[in-house]
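In the working numbering, the protein residues as written are 1 to 66.
This is the structure:
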């Protein structure tokens, strides 16, 4: 939770928020993060639920963790 409190900004883009979430999971995990084992979903401002594809999720993981 501290990671979110330190890094959250109200003006974040969706991409920045997703990558912040990935970094938080990575920091809180003792194991190496496996991009194939992560599922990402978002709820937009219209409250519509959208699950990202595996390729989209992998792309975000690679952007977030390098």
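Glycine is no exception: its CB is placed at the ideal position from the N, C-alpha and C atoms.
If you check the CB distance, residue 19 and residue 60 come in under 7 Å. If you draw a 10 Å sphere on the C-beta of residue 57, you find 16 or more other C-beta atoms in it, and that means buried. Within the same chain, no residue comes within 7 Å of residue 10 by CB-CB distance, once the 5 residues on both sides are set aside. One thing to note: residue 3 has its Cβ within 7 Å of the Cβ of residue 27. Residue pairing by DSSP places residue 41 opposite 51 in a beta bridge.
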